[in-house]
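Remarks on the structure that follows.
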Amino acid sequence: MTLAAKQKLLLKKGACFSCLKKAGHLSKNQLNCSHSNNHHFELMCDKNNASKCVPKPENSLSNCSKSETIFLQTLCVLIRYQGQQKLIRVVMGSGSQSSYISEKIITQLKASPLRTETVSHALFGWKETKPTYHEVFPVEVSNLNITFSCSFEGLSEKTICGSIPRIENKQILNELKREKIDFTDSFRNETEINLLIGADVLGILLTGNTVELESGLTAVETKLGWTVFGKGSYEKDNILTTLSMHSMNVPINKLWQLQVSGISSPKETEKEKGDLDLNDFNDKMKILPDGRYEVELPWKYDSKNLLSNKELVWKIHERMIN
């Protein structure tokens, strides 16, 4: 008898589907079915549905995709105040009517405010913040070569913005070098943005010199240095392993097992990898005539797939020479 026929019979007699007793009560049945682990008798378990099989294939897919990152107009400058100077990271934004300086730099330079202004910020969606007080400070910045400097006023702000990505991709940096563009915001220790140069100052800093790069970025020259912004794309190999469901027959009540889903224990995976490395070590070991041992480097199975780490070494080299 099918489950539907059993339920129809119980419904006709007015009995509970769970405990099989007459209806009109709150079932307190706590029995667990050994087939599906649900609260009913095994007699009421849908064995046919529980043993239905679902397809599950294993396909390994490799692809080479393009990685895209949107960069904003950033550069590094020197900020000065009463004989002090500090290297800071700057973002330029024509969407801001005023320029802002972080309270962190104000504290480090021990700068004194010129006055206090009440400002209400207009956000996206026509939303405005409540009027807040901002102290106005004198700001003097120059390029890293100290061949140009300018002075303006900036409003104090606790945090200018969140994290802004910097260009560290070697393909893009090599293209900038070919174009003889001296980009200052690369391989610097400074990551936090401490100054926002708004539309009130940005206009007088632009030189009008722009270069469109093959990577999709645009380089714009300012009197404080070059800025590079836009959506940059570059080739990036991604090895992606996926599991699709189409060939392997597995009962539904077995799907909770990790082995069925193709998930193995990390400890087992590490053990298998260690065994492969050890076998490779033993295969490469030679005994020389003088009794000494000789082993080829590296001590790693499938060493052909080792990364060269060339980009990492290039970063270290750039930091040392700058």
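Residues 1 to 322 (my numbering) are what the sequence shown spells out, left to right.
C-beta atoms are modelled at their ideal positions from N, C-alpha and C, and glycine is treated no differently.
Bridge-paired residues (DSSP) for Pro138
Glu153
Classification of Asn174 by the beta-carbon crowding that lies within 10 angstroms, buried from 16 upward:
exposed
8 angstroms CB neighbourhood of Glu128 in its chain, flanking five on each side removed
Ser120, His121 and Ala122
Counting C-beta neighbours from all protein chains within 10 Å, is the total for Ala111 16 or more, i.e. buried, or is it exposed?
buried
Under 6 angstroms Cβ to Cβ from Val201, same chain only, skipping five residues before and after it: list those, please.
Ser99 and Phe152
If I measure Cβ to Cβ from Ser186 and keep anything under 7 angstroms in the same chain, skipping five residues before and after, which residues do I get?
Arg166, Ile167, Glu168 and Leu173
Using CA coordinates, which residue listed in Glu318, Arg319 and Gln73 is at the minimum distance from Gly95?
Gln73
With distances taken from CA atoms, which of Leu109, Met92 and Ala4 is nearest Gln84?
Leu109
In chain order, what residues of the same chain have a beta carbon less than 8 angstroms from the beta carbon of Val90, not counting five sequence neighbours either side?
Thr74, Leu75, Cys76, Val77, Val141, Ile193, Asn194, Leu195, Leu196, Ile197 and Leu224
Leaving aside the five residues before and after Arg115 along the sequence, list all residues of the same chain whose C-beta is less than 6 angstroms from its C-beta, in chain order.
Val136
Determine the DSSP secondary structure at Leu9, reduced to helix, strand or coil.
helix
Using DSSP's beta-bridge definition, name the partner residues of Val313.
In DSSP, Val313 forms no bridge with anything.
Nearest neighbour of Thr147, chosen from Thr222, Cys161, Glu190 and Glu179 [CA to CA]
Thr222
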